[in-house]
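Report on one structure; see the data block that follows.
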Amino acid sequence: MKFIYCPICGEKLSEKNIGDEGLVRYCFTCNRPYFDSPSSCVEVLILNEHNQILLLKQNYISKTHWGVVSGYVNNGETLEETVIREVLEETGQEVEKMQYVESYYFRPNELIMAGFIAFVKAKPFNNSNEVDDIMWCEIDEVNKYIARVNNMSGIHFDNSMKLLKSLR
Ligand SMILES: [Zn+2]
Numbered sequence: 001m002k003f004i005y006c007p008i009c010g011e012k013l014s015e016k017n018i019g020d021e022g023l024v025r026y027c028f029t030c031n032r033p034y035f036d037s038p039s040s041c042v043e044v045l046i047l048n049e050h051n052q053i054l055l056l057k058q059n060y061i062s063k064t065h066w067g068v069v070s071g072y073v074n075n076g077e078t079l080e081e082t083v084i085r086e087v088l089e090e091t092g093q094e095v096e097k098m099q100y101v102e103s104y105y106f107r108p109n110e111l112i113m114a115g116f117i118a119f120v121k122a123k124p125f126n127n128s129n130e131v132d133d134i135m136w137c138e139i140d141e142v143n144k145y146i147a148r149v150n151n152m153s154g155i156h157f158d159n160s161m162k163l164l165k166s167l168r
């Protein structure tokens, strides 16, 4: 995100030479640089003890396709804490173990997405109002449902399966 005004004091930003970064937008009132950084998110493939994948439908993202859990990192939180919180909030599942897979840059929304696999023991789903439908899906059925257009769910599923195979 490119800042023009300082989000703290409202002053128009100048530029300042900062080490290796070169010219960076800078507020000389707050003494604070504003880097052109993406927003941080997690993308989480949830796998249960029966080897099923959790898929959810969120109508604000797609009315036809299913995706994996995703969410913004709160300031003050680690990526692992975001994974645990988002999985619980959106699905009611408790993460027992997690594995980092790969990161993705999602250009339309300027997001950097850290992809994880979360291992859980299946529990009843909660009723998140951000989720319109939710299901456990057999691994070989996932391709029928998962979003691949304008969505990182499909590629994250592929990469997670590759990683799980290589770990076996
Ligand atoms: Zn300022």
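For the sequence shown, position 130 (counting from the first letter as 1) is numbered 130 according to the UniProt record's numbering, and the numbering increases by one without interruption.
Even for Gly, the Cβ is constructed at its ideal location relative to N, Cα and C.
Quick caveat: nothing in here was measured; it's all calculated off a predicted structure.
Check	Outcome
Classification of Gly76 by the beta-carbon crowding that lies within 10 angstroms, buried from 16 upward	exposed
Local Cβ density within 10 Å of Glu96, reported as buried at 16 or more and exposed below that	exposed
Glu15: CB within 8 Å of a non-hydrogen atom of ligand 1	no
Buried or exposed (CB count within 10 angstroms, at least 16 for buried), Arg25	buried
Heavy atom of ligand 1 within 8 Å of Cys137 beta-carbon	no
Of the listed residues Ala147, Ile134 and Ser160, nearest to Thr91 (C-alpha basis)	Ile134
Runs of beta strand (DSSP E) lying entirely within the UniProt domain "Nudix hydrolase" (37-162), each at least 3 residues, in chain order	39-47, 52-57, 69-72, 97-106, 111-119 and 133-138
Asn151, buried or exposed, once every other Cβ within 10 Å from all chains shown has been counted against 16	buried
As assigned by DSSP and simplified to three states, the class of Gly19	helix
Asn48 beta carbon less than 9 Å from that of Lys121	yes
DSSP state of Lys2 mapped onto helix, strand, coil	coil
Ile18: CB within 8 Å of a non-hydrogen atom of ligand 1	no
Neighbourhood of Leu56 by C-beta, 6 Å cutoff - its chain only, sequence neighbours within 5 removed	Val131 and Ile134
Val42 vs Ala114 beta-carbon contact at 9 Å	yes
Asn129 versus Leu88, Lys16, Ile84 and Ser14, residue with shortest Cα-Cα distance	Leu88
Delimiting residues of the beta strand (DSSP E) encompassing Pro7	Unbroken run through Pro7: none, as it is neither H nor E.
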